[in-house]
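Asker: Take this structure first; my questions come after.
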Amino acid sequence: MHMDDKKLPIIFIGFMGTGKSTIGDFLSLEQKLTFVDLDSYIEIKENKSIPEIFNQIGESGFRQLEYKYLKQCMSKYDVISTGGGIIENDDSLKFLKQIKHVIWLDCSIDTVYRRILNDPHRPNAKNKTKKQLKNLYLSRISRYNEIAFMKVNSEKTIKEIYDFIINHLSCG
Ligand code: S3P
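Below, the structure is given as C-alpha cells:
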C-alpha cells in the first residue's frame, strides 16, 4: 500500500552513524517514495565533497548550503535523510520545526563510534576521541528532541526499525 500523502515528507534526523541514509533509502524503496540523502545532494550540486566544502568555506559555510538545499529538497522529495549537524543551524532548526514527520534515529555512542571511526568523509568525527564525540552528541540532543515527532532506537535490524516507523506513522 502506498503511503498516505499526509504523512509526507518524512525527514530523518540524528547523530552521525545512526543509520539515517540506510533507513531512509529502505523506507523509500519499500513504500515507492522518492528519496534524497541531503549530504549527497549538496555534493552533487556543489560538485565538491563534504570535506572539501568544510576546508574551503568552513562549517558555517557548509551549514548555510545545508539550509539552502534542505529547502530545495523539501519540495522535491518524499523522504529526506539529513546530516547529523543540521540542527546546529538556527534557520534549518526553525524550518524543520514546522515539519510534522521528523524522525530521530538514535543509538549508543559506542555503536556510533564503531561505525564512523576513522571515516575521512566526516570532518566533525575525524580525529575525535570517543569522549569528544560523546560531548558533541550530548550538545545536540536537546535540539533533536525539540523537533522530533518520534525517536527510534536504531540499534535494531533495518526491518525492525522500518516496521516500528510504519506502525507509528499509521497511528500518528
Ligand atoms: C555532520 C554530519 C555529516 C555531514 C557533515 C557534518 C555533523 O552527515 O553532514 O560531515 O556535523 O554531524 P552524517 O550524519 O550523515 O554523517
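Once you know that position 64 of the sequence shown is 1166 in the numbering used here, the rest is easy, because the numbers rise by one and skip nothing.
Ideal Cβ positions, reconstructed from N, Cα and C, are used throughout, including at glycine.
1. Could you tell me the distance, in whole angstroms, from the CA atom of T1194 to the CA atom of Y1169?
2. Let me know if H1223 comes out buried or exposed under the rule of 16 or more other beta-carbons within 10 Å of its beta-carbon.
3. In the DSSP output, what is D1139 paired with across the bridge?
4. I'd like the span of the alpha helix (DSSP H) that includes N1220, first residue to last.
5. Helix, strand or coil: how does DSSP classify L1131 here?
6. For V1181 and L1135, which I take to be in contact (beta-carbon distance under 8 Å), what is that distance rounded to the nearest angstrom?
7. In chain order, what are the residues with a CB under 5 Å from some non-hydrogen atom of the ligand S3P?
8. Would you check if the distance between the CB atom of T1275 and the CB atom of S1244 is smaller than 7 Å?
9. Classify P1153 as buried or exposed, calling it buried when 16 or more other Cβ atoms lie within 10 Å of its own Cβ.
10. Go ahead and pull the three-state DSSP assignment for M1176.
11. So W1206 packs on I1125, CB below 8 Å; how close in whole Å?
12. At the level of alpha carbons, what is the spacing between L1219 and F1137?
13. Quick check: the Cα distance between G1160 and D1127, rounded to an integer number of angstroms?
14. Return helix, strand or coil for I1205, following the three-state DSSP convention.
Answerer: Taking the structure as given:
1. The identity of residue 1194 in the sequence shown is Ser, whereas the question assumes Thr. S1194 and Y1169: Cα-Cα distance of roughly 5 Å.
2. exposed
3. S1183
4. Element bounds for N1220: n/a, residue is neither H nor E.
5. helix
6. 5 Å
7. M1118, D1141, I1152, G1185, G1186, G1187, R1224 and N1226
8. Because the chain here runs from 1103 to 1274, residue 1275 falls outside it and cannot be looked at.
9. exposed
10. helix
11. Going by Cβ atoms, the distance from W1206 to I1125 rounds to 11 Å, so no, they are not a contact pair.
12. 26 Å
13. 28 Å
14. strand
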